[in-house]
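Take a look at the structure set out below.
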Amino acid sequence: MTINNPEVSQYVLPANAQKSDDHSAITCVRKGSGESVEVTSFISKDGRLRCRVPGDKSEWASIKNHNGEDLDFEKSWKFSQVGITGKSNSSILHDDNDNAFLWLADTVWFGLTDRISNSEWKTLMEKRTKQGFNVMQVVSGLLPEAAFGEPSTLLDGVASWTLDKKELEKRWWDAADLRVIDAVQAGQMPALVGAWSYYILEFGAERLKKHWSEMIARWSAFPVFWCVAGEVGLMEYKDLFTDDMQEKA
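FYI, the numbering for the sequence shown is 17 to 265, going by our numbering.
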């Protein structure tokens with residue numbers, strides 16, 4: 017089977033619907049087959065709950081939250097890439113049309129920060145596609161070689177979490193959304209790093225699980241790769257430059 021014109025559709029819970037929790041399950045039923053699929057929802061900075069599913073809206077009979085309320089179609093994005101899968105008996109990745117996939121990546125760890133503007137990012141993604149690159153390696157908010165909340169790590173002026181680390185900062189995630197989707201529509205497959213490893217010591221497992229739930233809810237319907245962490249085993253960032261660093265390591 018040849019897969020053409022891949023698409024992702026976004027649905028939103030009506031404003032007058034009963035409130036649903038962030039990262040709650042959404043039940044999606046396919047037309048024809050009646051197959052039921054669960055996806056994770058997310059709440060945007062406007063307070064509305066949304067979800068994303070592969071395919072266009074004609075492929076889905078219903079999209080409902082845990083209260084049985086319908087989510088409304090909002091918009092969709094088309095792109096050229098098809099999914100990539102691995103096979104248990106092979107070290108070679110293949111796309112959904114069974115073509116071998118050559119990973120040719122550029123590293124832009126700080127691509128989801130204010131170091132680059134949205135227009136510059138889009139231009140860079142288009143340039144890399146023309147040069148033959150197909151993967152962009154980027155960190156999703158919890159960046160290397162920096163402490164949490166440093167100005168160099170911000171996007172739209174904020175970090176990916178509130179500075180007290182109690183809640184995800186949805187303003188950051190909505191801004192990051194634009195760049196991840198622009199990369200996909202430019203022909204790239206983002207390789208998204210959840211966090212540099214030392215953040216597990218600072219944030220703890222439960223916060224990082226929530227961080228990953230947000231990533232999966234927003235981007236799993238798109239052609240992306242996941243990278244759990246960078247440089248596993250690092251000590252806390254503040255300890256990397258102390259005189260007794262080697263002993264602590």
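Just so you know, even glycine gets a beta-carbon here, dropped at the ideal spot from N, CA and C. Just so we're clear, the structure is a prediction, and the values are computed from it rather than from any experiment.
- In the three-state scheme derived from DSSP, where H, G and I count as helix and E and B as strand, PRO167 is classed as helix.
- Pairing ARG234 with LYS80, the inter-Cα distance amounts to about 17 Å.
- Taken atom to atom, the span from the alpha-carbon of MET231 to that of GLY210 is near 8 Å.
- Here the alpha carbon of ARG68 sits roughly 9 Å from the alpha carbon of SER92.
- Taking the Cα of THR101 as reference, the smallest distance to any Cα among ASP112, PHE95, LYS94 is reached at ASP112.
- The closest CA to that of TRP212, considering only LYS94, GLY84, HIS227, TRP188, is found on HIS227.
- Between the alpha carbons of GLY148 and TRP242 lies a gap of roughly 21 Å.
- THR43 and THR129 have their C-alpha atoms roughly 33 Å apart.
- Judged by DSSP secondary structure, ILE197 falls within the alpha helix (DSSP H) whose first and last residues are 186 to 201.
- By the CB criterion at 8 Å, MET141 and ASP198 fall inside the cutoff.
- Per DSSP, TRP137 is not a residue of any beta strand (DSSP E); the alpha helix (DSSP H) it occupies stretches across 134 to 147.
- Relative to PHE95, the option among GLU166, ILE216, ASN150, TRP137 whose CA is nearest is ASN150.
- Shortest Cα-Cα distance from LYS146 to any of THR169, GLU54, ALA202 involves ALA202.
- In this structure GLY246 is buried. Its beta-carbon is surrounded by 16 or more other beta-carbon atoms within 10 angstroms.
- Within the model, the alpha-carbon separation for PRO160 versus GLU51 is close to 41 Å.
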